[in-house]
Each structure stands twice: as structure tokens, then as C-alpha cells.
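Colleague:
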Amino acid sequence: MILPIEKGDIRITSPYGDRILYGVHGFHGGIDIVGTSSDNIVSVTNGTVLWSQMVTDRNNPSWEWGNYVAVMGEDGCTIYYCHLAERKVKQGDRVKAGDVIGVMGNTGHSSGKHLHFEVRPKNVKAVNAADYLWLPNAVTYISEKEYYSDEVCKICGFTSGTRAYMNKYTWAADLWRKLAIALRRLEGKCGRDTIIKRCGFLPHTVKYIDEYKFASEFWRKLGERM
Ligand SMILES: [Zn+2]
């Protein structure tokens, strides 16, 4: 998985789940993220832009999202990127993981510049977006070097010695990020639909797999080997 901020460390400022905001109980359907060195928002998946808009009608709950972009990924999950200052893609565009789709902002129901990142499998109910990105669901600081070296070493099977060796260099964070994005972009060479067709998975098997948080990893890894 990759982070939705183009580069640099990030802070999670509000986790997913029940919360009290301005004294009111509510449910936070996503996680709030702030980039510490970049405002550019990137797609975390390969996919198609389902929505790129700003709803101004306050009777429509979507107005709270301000400027937002929604990308439907190969795994059937729709990812929402909200409160953007600018949208850089339009409905129907194909995007690859790592492509800039907007700029972090403060539009809609928002009290400071941040990204509201939300994940909806099959476009229905929001699931824990922190789990989806393999991040802790808590207010915390994430080092991109740690995050991306974890990801790349896990996928490629690099040892901790290799990781420590690379991490001595000043360009290590850049290297890990670029590798993680390159790996992520490979997804879809043999996408989920093709895998299902080729393997003859039955609908109930697919449904079973998709319910787990590792589903997108599973489809991607299987696809890379087909
Ligand atoms: Zn939020």
C-alpha cells in the first residue's frame, strides 16, 4: 500500500470511528491526514475516477466533503479524498497509484487544512481506512521511510540487514517510496476480474475473500504471479 500524500512524513490527526467534534457525538467515516512536507494528494490505487466534484447543496450530506475525488480501485473499493483545495482529475479518468489527483485543502465541513481519506468497499459502508493503509488507527506521526521500507521489504523479502544498509543513505526515504509506488502500479496487470475468471472462483468465494482487510493485497499478489 502507499500513502495518499505525494511525499514526506504524515500525521494522522483524527482516527476512524466514534468521536466527539465541537461537543457533538458522531461517527468519523474516514481518517484525517496531514502531510508534513507536501500538499499534493495522490491516488493510493490504480483505478477510475468515479467522482470529481464539489456539492454545494447543504441538503446533500456530501457538501461536508467540499471538493472531493473518489477513485474506484481494481479491488472494487472506492476511495474518497475530501476537503481538497484543488481537484486535478475529472470523472472517468484512469489513474495509477502515485498519480497526483488533487491538493490538500480546507473546503466543506473542515476546520483546518487536511485530507479526509475514506474507504468504501463496493461503494457502500465505510470501513476502517487506517486498516486499509496498514496504519495505526490513532492520532500519530508516521515516518514515510519506516512505512515504505516495511512495505517494500515485506513484498520483496529483503532482510533487515538490507533494510538497515539502505537506511544509512540520505536518499533512502525516496528510494523506498519510489519502489513501493512502482510495486503498487503493477497491480492491475492482471486485475481482480481477470483472476476470478481465470481461477474460476465462485461468487461466494470472492465475497468471502473481499470481507477481509487483506483482500486487496491478496488480489494484487496473486495478479503479479499470473
Ligand atoms: Zn475526516
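With the numbering used here as the guide, the letters of the sequence shown map in order to residues 1 to 226. C-beta atoms are modelled at their ideal positions from N, C-alpha and C, and glycine is treated no differently. Since this is a predicted model, take the numbers as computed values, not measurements.
By the DSSP assignment, the alpha helix (DSSP H) with residue 219 in it spans what residues?
Modeller: It spans 215 to 224 - the alpha helix (DSSP H) in which residue 219 sits, taken as one unbroken run.
Colleague: Report buried or exposed for residue 9, applying the criterion of at least 16 other Cβ atoms within 10 angstroms of its Cβ.
Modeller: Counting Cβ neighbours within 10 Å, residue 9 comes out buried, since at least 16 surround it.
Colleague: Figure out for me which residue from 204, 206, 224, 2 has the closest Cα to the Cα of residue 96.
Modeller: Of the candidates 204, 206, 224, 2, the one whose C-alpha sits nearest the C-alpha of residue 96 is 2.
Colleague: Measuring from the CB of residue 82, is there a heavy atom of ligand 1 at a distance below 8 Å?
Modeller: Residue 82 Cβ: within cutoff of ligand 1.
Colleague: Which runs of the beta strand (DSSP E) at least 3 residues long sit entirely within the region 17 to 97? Give them in chain order.
Modeller: Listed in chain order, the complete beta strand (DSSP E) runs (minimum 3 residues) inside the region 17 to 97 are 17 to 21, 24 to 28, 31 to 35, 40 to 42, 47 to 54, 67 to 73, 77 to 84.
Colleague: Within the present structure, is the beta-carbon of residue 31 separated from the nearest heavy atom of ligand 1 by less than 8 Å?
Modeller: Checking every heavy atom of ligand 1 against the Cβ of residue 31, one is found closer than 8 Å.
Colleague: Quick one: Cα of residue 87 to Cα of residue 31, how far?
Modeller: Distance between the alpha carbons of residue 87 and residue 31 is about 19 Å.
Colleague: Measuring CB to CB, does residue 34 end up less than 9 Å from residue 114?
Modeller: Yes. Within cutoff.
Colleague: Tell me whether the beta-carbon of residue 106 lies closer than 9 Å to the beta-carbon of residue 119.
Modeller: No, Cβ-Cβ distance for residue 106 and residue 119 is not below 9 Å.
Colleague: Quick check: residue 75 and residue 136, are their CB atoms within less than 9 Å of each other?
Modeller: Going by C-beta atoms, residue 75 is not nearer than 9 Å to residue 136.
Colleague: Inspect the beta-carbon positions of residue 149 and residue 176 and report whether they are closer than 9 Å.
Modeller: Yes. Within cutoff.
Colleague: If we call anything under 9 Å between Cβ atoms a contact, is residue 205 one with residue 226?
Modeller: Not in contact: residue 205 and residue 226 (Cβ atoms no closer than 9 Å).
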